[in-house]
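Put into structure tokens, the structure is as follows:
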């Protein structure tokens, strides 16, 4: 809303102070990502190669996708705790049915699952809007309902995905060997699903209802519809995350998505999106997803027990959010 | 907000029903509990397994419900202040783990160890939420991740599983044939919480903080202290539930508390406590825990799969939460 009035005069000169002020957190997280990548490179004895970039892309893709969806919901002033189970559900649906499909039909089926994810998300959103129950409760219930559905589809890990479909994420590169197609898919989805709406009416409405729902309503924003759309975004992105999981692991597991509920919220908060809504973007959460994945990779390379790695990752999340909380308090005192 | 135009007569009747439900929600819940128990009895007879409405089964229901009752006690307190604690299940696991880890040092030492761990976890949650203003969802989920990670590391190092006899008796045995020992733990705690919420200063402050934290602060209440106390209590109560749980199972594993996470929230929501805080109480939660326990028995009798259970739990929470949202909103 305010972006048009605050836009600097079109002199072609970039006001760096303003860029830093508005995107400081995102820049910080990207710097952190680069620092971690350099540290990662220095800590491996084997020469650094395209394979490392490839493996980072494989590991980070599911989290990056689900964090993008979570970011849209949190920007709009909600929170979606059901994403982990939705990922599991899409994962088992994909692995169960795709095994015997050809490449083309697998891709079409995958697109169908993304649409299904968006539908499930919009149902969640509609339930929240119609019943007036808190987002947390509805999506927590959704976490269990969808988790139950995933269990009903596949009780134990199993199924498979066509090799050609898997290699989209695991092997393929675009042009140079240093550019895994997983990154291209990620950026493509970002451009297609987010850049197209961010500056439009819908994108501004998402920020507006997250910033101040009552004022957005008075300004003529269709609050209920926008909330439902936010959850549809989250569902579609969670489905993409589930597909990425399927491609990376090659099997379906009804519990595969369970860690992503917390991690997606963590990536969003680390990525500079305020849990109060209305602030932030999607680049920050994507960078944060890469950082969170790298932290674990580096620790495992360093010979840290995987469970300690989990502890350290959890502590990192909590500490960062605490610092963020202090920052908000400071701002509140001065402003 | 969503005022649907209705005929005056209907809306008047609806308003009266609504008022009745709100005023006597605990009584209504007790009726639901009894009805569910009778239904389970009918189903069990229909399947040719005899009666379910027997003193032994009633006693068993209370024995099971004590664990969920304690877990959701802490959850009730936290939710009354407008927060949520998603670490209760792993805190219970930590309590159970400490009991079996220090079981060889005697029952008293192991119980104290468990409660101290609960206190530490609760204090960490409280510090984050009350002092650093971290969103309770993130804080408690993060602490939960950390807890389960530390427990896994510890369990890999050395895992002696010795549950003291006293704890086993407390968690699974009964006296006078029908009365479970764990009621001796749950009963006094329940009475203290119900009465404390109603009559003590801190009890009233818990409601106040949930209802309007700004007004409470302006009235001179240190809101952060109330929140800290609530999360610490929740941690200790969850650890106590873990002690009963390990006594019931007679062994601790790292997944022992996990199935109780959603039921702990569900019991509170069924009991009529608002997720936004400031409204509700522990009496409703107690009946909520009993209802969920009977429901669990019913599903076991019906041979329902884990998938069906999860879906049903989610649906019930949703249905009841929306019902409450409807009946309590003006």
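Chains as they are written, first to last, in my numbering: chain A, 152 to 486; chain B, 97 to 426. C-beta atoms are modelled at their ideal positions from N, C-alpha and C, and glycine is treated no differently. Predicted model only: the values in this text are computed from it and were never measured.
Closest option to residue 174 of chain A, judged by alpha-carbon separation, among A/192, A/423 and A/440: A/423. For a Cβ distance threshold of 8 Å, nothing in chain B lies close to residue 238 of chain A: the least Cβ distance comes to about 16 Å.
At least one CB of chain B lies nearer than 8 Å to the CB of residue 466 of chain A. Pairing residue 170 of chain B with residue 334 of chain B gives a Cβ-Cβ distance under 8 Å. Between residue 136 of chain B and residue 397 of chain B, the C-beta spacing is below 8 Å. Residue 303 of chain B has its alpha-carbon roughly 21 Å from the corresponding atom of residue 385 of chain B. In the structure shown, the three-state DSSP call for residue 228 of chain A is coil.
Going by DSSP, residue 248 of chain A is part of the alpha helix (DSSP H) stretching over 234-249. Not a single C-beta of chain A is nearer than 8 Å to the C-beta of residue 366 of chain B. With the criterion set as a beta carbon lying under 8 Å from some beta carbon of chain A, the segment 181-200 of chain B has no members that meet it.
For residue 439 of chain A, the closest alpha carbon among the candidates A/414, A/233 and A/370 is that of A/414. When DSSP reads this structure, residue 405 of chain B sits in no beta bridge, so it has no partner. If you draw a straight line from the Cα of residue 257 of chain A to the Cα of residue 244 of chain B, it is about 37 Å long.
Boundaries of the alpha helix (DSSP H) harbouring residue 333 of chain A: 332-340, taken from the DSSP string. Judged by beta-carbon spacing, residue 238 of chain A lies within the 8 Å limit of residue 393 of chain A, meaning their Cβ atoms are closer than that value. Contact between residue 229 of chain A and residue 378 of chain A holds, since their C-beta atoms are separated by about 7 Å, short of 8 Å.
Between the segment 398-407 of chain B and the segment 209-217 of chain B, the count of C-beta pairs closer than 8 Å stays below three; the two stretches do not touch.
Chain-ordered, the chain A residues with CB closer than 9 Å to the CB of residue 414 of chain B read 278, 282, 284, 288, 289, 292, 293 and 296. Here the C-alpha atom of residue 473 of chain A lies approximately 42 Å from the C-alpha atom of residue 247 of chain A.
Look at the segment 301-332 of chain A: the residues with a C-beta under 9 Å from a C-beta of chain B are 301, 302, 303, 304 and 306. For residue 472 of chain A, the nearest CB of chain B lies under 8 Å from its own CB, placing it at the interface with that chain. With fewer than 16 other Cβ atoms inside 10 Å of its own Cβ, residue 454 of chain A counts as exposed.
Check the Cα spacing between residue 151 of chain B and each of B/409, B/322, B/345 and B/272: the tightest is with B/272. Taking a contact as a CB-CB distance under 8 Å, the pair residue 180 of chain A and residue 435 of chain A counts as one, their CB atoms being some 6 Å apart. In chain B, no part has a C-beta under 8 Å from the C-beta of residue 244 of chain A; the shortest such distance is about 14 Å. When Cβ-Cβ separations below 8 Å define contact, residue 422 of chain A makes no contact with chain B.
Under DSSP, residue 270 of chain B takes part in a beta bridge, and its partners are B/276. Distance from the CA atom of residue 411 of chain A to the CA atom of residue 395 of chain B, rounded to whole angstroms, is 29 Å.
Below 8 Å, too few C-beta pairs join the segment 377-392 of chain B and the segment 281-292 of chain A to call them touching: fewer than three. Around the beta-carbon of residue 365 of chain A, fewer than 16 other beta-carbon atoms lie within 10 Å, marking it exposed. Burial state of residue 223 of chain A is buried, judged by a 10 Å Cβ sphere holding 16 or more other Cβ atoms.
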